[in-house]
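In our numbering, the protein residues as written are 755 to 995.
Ideal Cβ positions, reconstructed from N, Cα and C, are used throughout, including at glycine.
Structure, rendered in C-alpha coordinates:
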(Lines of atoms letter the chains of each structure in order from A and count residues from 1; the text may use other names and numbers.)
(Lines give C-alpha, C1' and ligand atoms only; values in the text may rest on other atoms or scores of the structure.)
Protein backbone atom coordinates (compact mmCIF):
# COMPACT_ATOMS: atom_id res chain seq x y z
CA UNK A 1 0.00 0.00 0.00
CA UNK A 2 1.39 3.41 -0.89
CA UNK A 3 1.92 5.76 2.03
CA UNK A 4 -0.08 8.42 0.20
CA UNK A 5 -3.24 6.32 0.29
CA UNK A 6 -2.93 4.88 3.80
CA UNK A 7 -5.97 6.63 5.30
CA UNK A 8 -7.98 7.25 2.15
CA UNK A 9 -11.40 5.58 2.13
CA UNK A 10 -12.50 4.08 -1.18
CA UNK A 11 -15.57 5.42 -2.92
CA UNK A 12 -17.42 5.23 -6.25
CA UNK A 13 -15.24 6.20 -9.21
CA UNK A 14 -11.92 5.37 -7.55
CA UNK A 15 -9.60 2.92 -9.30
CA UNK A 16 -7.49 0.45 -7.35
CA UNK A 17 -4.41 -1.42 -8.55
CA UNK A 18 -4.66 -5.08 -7.49
CA UNK A 19 -1.80 -7.56 -7.60
CA UNK A 20 -2.12 -11.25 -6.67
CA UNK A 21 1.54 -12.17 -6.60
CA UNK A 22 1.47 -15.94 -6.31
CA UNK A 23 -0.70 -16.30 -9.45
CA UNK A 24 1.05 -13.48 -11.32
CA UNK A 25 -2.16 -11.45 -11.76
CA UNK A 26 -2.24 -7.66 -12.08
CA UNK A 27 -5.42 -5.66 -12.65
CA UNK A 28 -6.80 -2.12 -12.34
CA UNK A 29 -10.32 -2.21 -10.92
CA UNK A 30 -12.87 0.61 -11.06
CA UNK A 31 -15.03 1.12 -7.98
CA UNK A 32 -18.58 1.17 -9.39
CA UNK A 33 -21.43 3.42 -8.29
CA UNK A 34 -22.98 0.57 -6.28
CA UNK A 35 -19.87 0.30 -4.09
CA UNK A 36 -18.36 -2.85 -5.63
CA UNK A 37 -15.32 -3.86 -7.68
CA UNK A 38 -15.29 -6.84 -10.03
CA UNK A 39 -12.43 -9.07 -8.91
CA UNK A 40 -10.94 -11.82 -11.13
CA UNK A 41 -11.89 -15.35 -9.99
CA UNK A 42 -14.47 -13.99 -7.51
CA UNK A 43 -16.82 -11.44 -9.07
CA UNK A 44 -18.27 -8.47 -7.22
CA UNK A 45 -16.74 -7.53 -3.86
CA UNK A 46 -17.90 -4.58 -1.73
CA UNK A 47 -15.00 -2.32 -0.72
CA UNK A 48 -16.90 0.94 -0.12
CA UNK A 49 -15.46 2.97 2.75
CA UNK A 50 -12.39 0.75 3.24
CA UNK A 51 -8.78 1.91 3.18
CA UNK A 52 -6.38 0.21 0.78
CA UNK A 53 -4.97 -1.83 3.67
CA UNK A 54 -8.46 -2.95 4.73
CA UNK A 55 -9.28 -3.78 1.10
CA UNK A 56 -6.14 -5.95 0.95
CA UNK A 57 -7.25 -7.87 4.01
CA UNK A 58 -10.79 -8.39 2.71
CA UNK A 59 -9.65 -9.51 -0.75
CA UNK A 60 -7.13 -11.88 0.80
CA UNK A 61 -9.90 -13.49 2.86
CA UNK A 62 -12.31 -13.69 -0.10
CA UNK A 63 -9.72 -15.19 -2.46
CA UNK A 64 -8.59 -17.70 0.16
CA UNK A 65 -12.15 -18.96 0.55
CA UNK A 66 -12.01 -21.62 -2.15
CA UNK A 67 -10.31 -19.67 -4.95
CA UNK A 68 -6.55 -19.32 -4.35
CA UNK A 69 -4.37 -21.09 -1.80
CA UNK A 70 -2.75 -18.55 0.55
CA UNK A 71 -3.15 -15.57 -1.82
CA UNK A 72 -0.52 -12.84 -1.63
CA UNK A 73 -2.42 -9.62 -2.28
CA UNK A 74 -1.45 -5.97 -2.55
CA UNK A 75 -3.76 -3.03 -3.21
CA UNK A 76 -2.97 0.59 -4.02
CA UNK A 77 -5.27 3.45 -4.95
CA UNK A 78 -4.44 4.42 -8.53
CA UNK A 79 -7.04 7.11 -9.25
CA UNK A 80 -8.67 9.26 -6.56
CA UNK A 81 -11.99 10.71 -7.69
CA UNK A 82 -14.65 10.05 -5.06
CA UNK A 83 -13.38 12.33 -2.29
CA UNK A 84 -13.28 16.01 -3.18
CA UNK A 85 -13.09 19.38 -1.45
CA UNK A 86 -14.08 22.84 -2.68
CA UNK A 87 -11.29 25.42 -2.62
CA UNK A 88 -12.03 29.15 -2.85
CA UNK A 89 -10.31 32.47 -2.42
CA UNK A 90 -6.74 33.66 -2.78
CA UNK A 91 -5.14 30.66 -4.49
CA UNK A 92 -3.82 30.38 -8.03
CA UNK A 93 -6.20 27.55 -9.06
CA UNK A 94 -9.46 27.60 -7.06
CA UNK A 95 -12.17 25.02 -7.66
CA UNK A 96 -13.07 21.43 -6.83
CA UNK A 97 -9.98 19.41 -5.91
CA UNK A 98 -9.70 15.62 -5.58
CA UNK A 99 -8.12 14.43 -2.35
CA UNK A 100 -4.92 12.55 -3.05
CA UNK A 101 -4.93 9.97 -0.29
CA UNK A 102 -4.35 11.37 3.20
CA UNK A 103 -4.41 14.96 1.97
CA UNK A 104 -3.35 17.77 4.26
CA UNK A 105 -4.31 21.42 4.07
CA UNK A 106 -0.76 22.31 3.07
CA UNK A 107 -0.75 19.72 0.25
CA UNK A 108 -4.12 20.92 -1.07
CA UNK A 109 -3.03 24.55 -1.28
CA UNK A 110 0.25 23.54 -2.92
CA UNK A 111 -1.73 21.43 -5.42
CA UNK A 112 -3.75 24.55 -6.24
CA UNK A 113 -0.65 26.59 -7.06
CA UNK A 114 -0.13 28.14 -3.65
CA UNK A 115 -1.48 31.24 -1.91
CA UNK A 116 -1.86 34.51 -3.81
CA UNK A 117 -0.17 36.66 -1.17
CA UNK A 118 -1.26 39.94 -2.77
CA UNK A 119 -4.94 39.07 -2.26
CA UNK A 120 -4.78 37.00 0.93
CA UNK A 121 -5.83 38.40 4.31
CA UNK A 122 -3.47 35.97 6.03
CA UNK A 123 -5.96 33.28 7.06
CA UNK A 124 -7.44 30.08 5.66
CA UNK A 125 -10.72 28.59 6.87
CA UNK A 126 -11.78 24.94 6.64
CA UNK A 127 -15.54 24.42 6.97
CA UNK A 128 -16.70 20.91 7.87
CA UNK A 129 -20.35 20.14 8.66
CA UNK A 130 -21.04 23.76 9.59
CA UNK A 131 -18.03 24.04 11.90
CA UNK A 132 -15.13 26.23 10.81
CA UNK A 133 -11.43 25.94 11.62
CA UNK A 134 -9.50 29.19 11.02
CA UNK A 135 -5.75 28.87 10.55
CA UNK A 136 -3.11 31.57 9.95
CA UNK A 137 -1.37 31.10 6.61
CA UNK A 138 1.94 31.66 8.40
CA UNK A 139 1.30 28.37 10.25
CA UNK A 140 0.82 26.24 7.12
CA UNK A 141 4.48 25.21 7.10
CA UNK A 142 4.11 23.93 10.66
CA UNK A 143 1.75 21.64 12.53
CA UNK A 144 -1.39 23.45 11.34
CA UNK A 145 -0.51 22.69 7.74
CA UNK A 146 -0.85 18.98 8.53
CA UNK A 147 -4.60 19.42 9.17
CA UNK A 148 -6.21 16.32 7.63
CA UNK A 149 -8.90 17.07 5.07
CA UNK A 150 -12.02 15.00 4.44
CA UNK A 151 -14.33 14.68 1.46
CA UNK A 152 -16.93 17.44 1.50
CA UNK A 153 -14.72 20.01 3.26
CA UNK A 154 -14.88 23.60 2.01
CA UNK A 155 -11.58 25.51 2.16
CA UNK A 156 -11.44 29.30 1.85
CA UNK A 157 -8.13 31.12 1.59
CA UNK A 158 -9.54 34.43 2.73
CA UNK A 159 -9.15 37.47 0.53
CA UNK A 160 -10.14 41.05 1.20
CA UNK A 161 -12.67 41.57 -1.58
CA UNK A 162 -14.89 38.59 -0.76
CA UNK A 163 -17.46 37.38 1.73
CA UNK A 164 -17.53 33.69 2.62
CA UNK A 165 -20.76 31.70 3.15
CA UNK A 166 -20.55 28.47 5.12
CA UNK A 167 -22.71 25.88 6.81
CA UNK A 168 -26.26 25.10 5.73
CA UNK A 169 -26.42 27.23 2.58
CA UNK A 170 -27.12 25.84 -0.87
CA UNK A 171 -23.92 27.15 -2.49
CA UNK A 172 -21.24 27.56 0.19
CA UNK A 173 -18.12 29.46 -0.75
CA UNK A 174 -16.92 32.94 -1.61
CA UNK A 175 -19.01 35.74 -3.10
CA UNK A 176 -17.69 39.09 -4.31
CA UNK A 177 -17.94 41.90 -1.78
CA UNK A 178 -19.55 45.16 -2.88
CA UNK A 179 -19.93 48.19 -0.66
CA UNK A 180 -23.23 48.02 1.24
CA UNK A 181 -23.64 44.24 0.93
CA UNK A 182 -25.78 42.87 3.77
CA UNK A 183 -26.04 39.49 5.47
CA UNK A 184 -29.41 38.66 3.88
CA UNK A 185 -28.17 39.66 0.42
CA UNK A 186 -25.11 37.45 0.82
CA UNK A 187 -27.37 34.57 1.87
CA UNK A 188 -29.46 34.97 -1.28
CA UNK A 189 -26.27 35.09 -3.39
CA UNK A 190 -25.45 31.67 -1.92
CA UNK A 191 -28.84 30.31 -2.99
CA UNK A 192 -30.47 30.65 0.42
CA UNK A 193 -30.52 28.19 3.28
CA UNK A 194 -30.84 24.43 2.95
CA UNK A 195 -33.82 22.72 4.58
CA UNK A 196 -31.58 21.92 7.54
CA UNK A 197 -30.36 25.48 8.16
CA UNK A 198 -31.19 27.33 11.37
CA UNK A 199 -31.45 30.92 10.15
CA UNK A 200 -32.26 32.23 13.62
CA UNK A 201 -28.86 31.00 14.83
CA UNK A 202 -26.75 32.45 12.01
CA UNK A 203 -23.64 34.43 12.83
CA UNK A 204 -20.88 36.49 11.25
CA UNK A 205 -17.21 35.80 11.96
CA UNK A 206 -15.17 38.99 11.68
CA UNK A 207 -11.58 38.46 12.75
CA UNK A 208 -11.76 37.19 16.33
CA UNK A 209 -15.30 38.54 16.77
CA UNK A 210 -18.48 36.47 16.43
CA UNK A 211 -21.66 38.46 15.72
CA UNK A 212 -25.05 36.78 16.13
CA UNK A 213 -27.48 37.67 13.34
CA UNK A 214 -31.06 36.37 13.21
CA UNK A 215 -31.50 35.94 9.47
CA UNK A 216 -34.96 34.47 9.98
CA UNK A 217 -36.22 37.75 11.47
CA UNK A 218 -34.25 39.85 8.98
CA UNK A 219 -35.85 38.08 6.02
CA UNK A 220 -39.29 38.71 7.57
CA UNK A 221 -38.49 42.40 8.08
CA UNK A 222 -38.59 42.08 11.88
CA UNK A 223 -34.88 42.83 12.46
CA UNK A 224 -32.58 45.31 10.77
CA UNK A 225 -30.20 43.80 8.23
CA UNK A 226 -26.48 43.78 9.01
CA UNK A 227 -23.98 45.37 6.64
CA UNK A 228 -20.97 43.18 5.96
CA UNK A 229 -17.28 44.02 5.72
CA UNK A 230 -14.65 42.55 3.39
CA UNK A 231 -13.42 39.19 4.67
CA UNK A 232 -16.53 38.46 6.78
CA UNK A 233 -17.78 34.89 7.06
CA UNK A 234 -21.52 34.27 7.32
CA UNK A 235 -22.32 30.89 8.88
CA UNK A 236 -25.74 29.20 8.97
CA UNK A 237 -25.66 26.35 11.51
CA UNK A 238 -27.64 23.14 11.25
CA UNK A 239 -30.98 22.92 13.04
CA UNK A 240 -31.05 20.56 16.03
CA UNK A 241 -32.94 17.34 15.36
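- The straight-line gap separating the alpha-carbon atoms of residue 903 and residue 823 is approximately 39 Å.
- Under the 8 Å Cβ criterion, the stretch 975-994 counts as touching the stretch 913-920, having at least three qualifying pairs.
- Minimum Cα-Cα distance from residue 944 among the listed residues 926, 958, 950 corresponds to 926.
- With fewer than 16 other Cβ atoms inside 10 Å of its own Cβ, residue 792 counts as exposed.
- Here the alpha carbon of residue 882 sits roughly 8 Å from the alpha carbon of residue 921.
- Out of 807, 893, 953, 974, the CA that lies nearest to the CA of residue 994 is found in 953.
- Counting of Cβ neighbours within 10 angstroms places residue 965 among the exposed residues, the total staying below 16.
- DSSP, read as helix, strand or coil, puts residue 904 in coil.
- In the DSSP assignment, residue 833 falls outside any alpha helix (DSSP H) and lies within the beta strand (DSSP E) extending over 827-833.
- With contacts defined by Cβ atoms closer than 8 Å, residue 838 and residue 851 form a contacting pair.
- For residue 798, the enclosing beta strand (DSSP E) has its first and last residue at 797-800.
- Under the DSSP definition of a beta bridge, residue 936 partners with 981.
- Looking at the backbone, the Cα of residue 803 and that of residue 831 are separated by about 13 Å.
- The beta carbon of residue 958 sits closer than 6 Å to those of 965, 967, 986, 988, all from its chain and outside the five residues before and after it, given in chain order.
- For a cut-off of 8 Å, the C-beta gap from residue 970 to residue 946 is around 12 Å, too long to register as a contact.
- Residue 814 holds the alpha-carbon nearest to the alpha-carbon of residue 776 among 764, 814, 785.
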